[in-house]
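Data first, discussion second: the structure below is written as structure tokens.
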Amino acid sequence: MVNAKHSISITIDKVNIKKYPNGATAAGETKTSASVVRDASGKEISRDFKKPEITIYEKALEPKVGQDNMVIGSGETGDVKNLTMEDQIGAIGTHEGVHATDRNSSSVVNPNALNVEKAPYEKQVKYINEINKIRNAQSEQTSKQNP
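Sequential numbering from 79 applies to the sequence shown in the numbering used here.
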């Protein structure tokens with residue numbers, strides 16, 4: 079997100095919980111509109127991101143802190159038992175950040191995209207795996223220092 083050519087705002091909502099019509103709880107969302115460029119005849123030439131706004135719903139993450147595994151939307155299971163609230167926020171921020179920066183992961187910027195969730199979930203799982211790798215290395219180091 080740091081290298082994005084457009085501004086992105088991020089809000090951590092500590093009060094609200096957003097529910098989808100199917101009853102699922104949203105951990106985060108990205109709202110954006112598209113900046114559309116048209117030629118003289120009105121034909122669309124290009125579209126790009128226009129001020130994406132990411133919201134992370136902290137209350138939706140609270141039940142996930144400390145649980146053993148979590149099914150990520152892609153169907154993959156993420157080991158989240160050692161993730162802190164900050165780690166969870168980072169994982170959702172990573173996911174939503176892809177929606178705010180990757181044209182193929184935004185149905186607003188790319189209305190013909192077939193699977194806008196594929197890359198965000200891949201990056202989220204990668205983030206979780208990297209955090210676990212760091213935590214495991216730290217734990218091993220501590221064990222070696224304190225036998």
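Backbone N, C-alpha and C define an ideal beta-carbon position, used for all residues, glycine too.
This structure is a prediction, so every number in the text was calculated from the model and none was measured.
task = Please confirm whether residue 169 and residue 205 have their CB atoms less than 8 Å apart.
result = Closer than 8 Å, so yes.
request  = Grab the span of the alpha helix (DSSP H) containing residue 198 for me, first residue to last.
outcome  = Per DSSP, residue 198 belongs to the alpha helix (DSSP H) from 196-223.
task = Measure the C-alpha to C-alpha separation of residue 113 and residue 150 and round it to an integer number of angstroms.
result = 31 Å
request  = Check whether the stretch 123-137 touches the stretch 90-99, taking contact to mean three or more Cβ pairs, one atom from each stretch, closer than 8 Å.
outcome  = yes
inquiry  = Give me, in chain order, the residues of the same chain whose beta-carbon lies closer than 8 Å to that of residue 185; leave out the 5 immediate sequence neighbours on both sides.
reply    = Excluding residues within five positions, the ones whose Cβ falls inside 8 Å are 191, 194.
query = Under a three-way DSSP split, which group does residue 169 fall into?
reply = Secondary structure at residue 169: helix, using DSSP grouped into helix, strand and coil.
task = Excluding the 5 residues preceding and the 5 following residue 111 in the sequence, name in chain order all residues of the same chain whose CB lies nearer than 6 Å to its CB.
result = 128
ask   = Just curious, the beta strand (DSSP E) that residue 121 is in, first and last residue?
value = Counting along the chain, residue 121 falls outside any beta strand (DSSP E), and DSSP gives it neither H nor E.
request  = Look at the Cβ atom of residue 209, then the Cβ atom of residue 139, and state whether they are nearer than 8 Å.
outcome  = The criterion of a C-beta distance shorter than 8 Å is not satisfied by residue 209 and residue 139.
request  = Leaving out five residues on either side along the sequence, give the residues of the same chain with a beta carbon under 6 Å from the beta carbon of residue 107.
outcome  = If we look at residue 107 and ignore the five residues flanking it on each side, its Cβ neighbours are 133.
ask   = According to the neighbour-count rule (16 or more other Cβ atoms, all chains shown, within 10 Å of its Cβ), is residue 198 buried or exposed?
value = Under this definition residue 198 is a buried residue.
inquiry  = Suppose you measure from the CA of residue 228 to the CA of residue 147; what does that come to, to the nearest Å?
reply    = A question about residue 228 goes unanswered here, because the residues of the chain that appear run from 79 up to 225.
ask   = Which residues bound the alpha helix (DSSP H) around residue 136?
value = 136-139
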